[in-house]
Structure formats: C-alpha cells, structure tokens
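Following: one structure in structure tokens, then a few remarks.
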Amino acid sequence: MKNIFTDFRSAVLFITILPAGNNVAYSPMGMIKFFPVVRLMLGSGLIFFDVIVSWLWAPGVAAVLDVIFLVVVTGAFHLDGLGDTADGMFSHQSKSRALEIMKDSRTGMMGLVAVFCTLAVKAAGIYSIKTGENLFQTLTLFLIIPAYSRAAMIFGIKFLNYGREKVGTGLDLFEKDIGLKDFGFFLIPVVISLSLGYKTLVLNFVFLAV
41 MKNIFTDFRS AVLFITILPA GNNVAYSPMG MIKFFPVVRL MLGSGLIFFD
91 VIVSWLWAPG VAAVLDVIFL VVVTGAFHLD GLGDTADGMF SHQSKSRALE
141 IMKDSRTGMM GLVAVFCTLA VKAAGIYSIK TGENLFQTLT LFLIIPAYSR
191 AAMIFGIKFL NYGREKVGTG LDLFEKDIGL KDFGFFLIPV VISLSLGYKT
241 LVLNFVFLAV
C-alpha cells in the first residue's frame, strides 16, 4: 500500500505542480499507471474552475481562462516539450542534429507557432463544448478528456521506441516493458464516457486505433 501511495504522489508531482508531500521518491515505472487518475483530478478541478469563471465572464473568455488554468496547474511542462519537438521536427536536419535542437532550452519560431496553435485549438474546443445544450455532457467531457490525454502517454510508452540513445529526461519511463496492469486505471474514463451514449464508444475505438 505504501508503494502504491508513493507511485501516486510521484505521478502527481510529475504531471502537475500540485503539492504531494515532502521527500517523495521518484518512481518512474510505478507512476505510469496513475497518469489517468491524476488527470481525472485535474478534470474535476477544471469543472470547478469553469463554473466560477463562466459565472463571471462570457463563454469565450471562460474558455481561454480554462486553458490558462490547465497550463498553470501543469506547469506548462508538456507545452515546453511540444515546442522542443516542433523545433526539432521542422528543422529539416538529420536525426542527431534535430535531437540536439530539441535539447536546447531555448524555444524557436516553430516551437512558438506549435504552442500558440495548440492553445488556440484547445480554447476553441472548450468553447464549443461549453456552448452545447447538454450540461451533463459538458461536465463529463471536461472530466474525461484530460484523462484520455495522459492515457495516450501510456500507449506511447508501451508501443513506441525511445528517441534518444540511452540518455534523456524520459529514459526512465522506457527502462522496462509495461504490462496490462499499467492500463487498468484507463478503464475509469472509458466507463465514464459510456454514459454519453454510443458515439463515445466509437470514439474509444478510434482512440485505441490511433
């Protein structure tokens, strides 16, 4: 039980800036399975935050503030990685040179464009969800979409190769092969999504196919 709690707290510290206690041991392989759980927590926080800002401002403004909330609570960690990836992939250089560019702490033009476009699409997506007529559907989507986004990381770790040669920030997550037990908590957002009807069942199959 102690190891499970340590793994969970490690996942919280890895994905968010939320406090998870002092002297938490870094558990790269153990925390993977908790990624969807932590993002369900963030989805719950997003719902609470959205209720407040939607009461104060128009839907468009609230949607932008929702995106800012997610950026802040995650420490923009994944946006930084997105920018680095865009700089490397669109540099039109060799693999080794592209990896060097991605390692550079400075963000280039392609990275800025990628981050801006991603945030714009997120804001537009949240706005379209908010303006729907079904409140239950809106709240459910706010809850499960963050969980799906981090569940995608588990699939990536399982089925994709690590890009660097035995070095890098994410190497610890690829040291051992993960099994079916690491996908267990992914079933939580899947089951919740089924409450929205047959269309979400199709979306689940699309998610797995992609």
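Going from the sequence shown to my numbering is simple: count from 1 and add 40. Backbone N, C-alpha and C fix where the C-beta goes; we use that ideal spot for every residue, glycine too.
Span separating the alpha-carbon of residue 236 from that of residue 138: 42 Å
Relative to the alpha-carbon of residue 240, which residue among 188, 159 and 216 has its alpha-carbon at the smallest distance? 188
With distances taken Cα to Cα, identify the nearest neighbour of residue 167 among 118, 120, 70 and 181. 181
Comparing alpha-carbon positions, which option in 46, 57, 93 and 77 lies nearest residue 224? 77
With a threshold of 6 Å on Cβ separation, who are the neighbours of residue 57 within its own chain once the five nearest residues in sequence on each side are excluded? 115
Could you check whether residue 98 and residue 32 sit closer than 7 Å to each other, using their CB atoms as the reference points? Coverage of the chain is limited to positions 41 through 250, which leaves residue 32 absent and any answer about it impossible.
Helix, strand or coil for residue 201, going by three-state DSSP, please let me know. coil
Taking the alpha carbon of residue 22 as the reference point, which residue from 81, 173 and 105 has its own alpha carbon closest? Residue 22 lies beyond the range of the chain shown here (41 to 250); nothing can be said about it.
Ignoring anything shorter than 4 residues or poking outside the stretch 86-125, list the alpha helix (DSSP H) runs there in chain order. 99-113
What number of angstroms, rounded off, separates the C-alpha of residue 164 from the C-alpha of residue 156? 12 Å
Using only the alpha-carbon positions, how far apart do residue 110 and residue 82 sit? 8 Å
Counting only the same chain and skipping the five closest in sequence on each side, list residues whose C-beta sits under 8 Å from that of residue 107. 159, 162, 163 and 166
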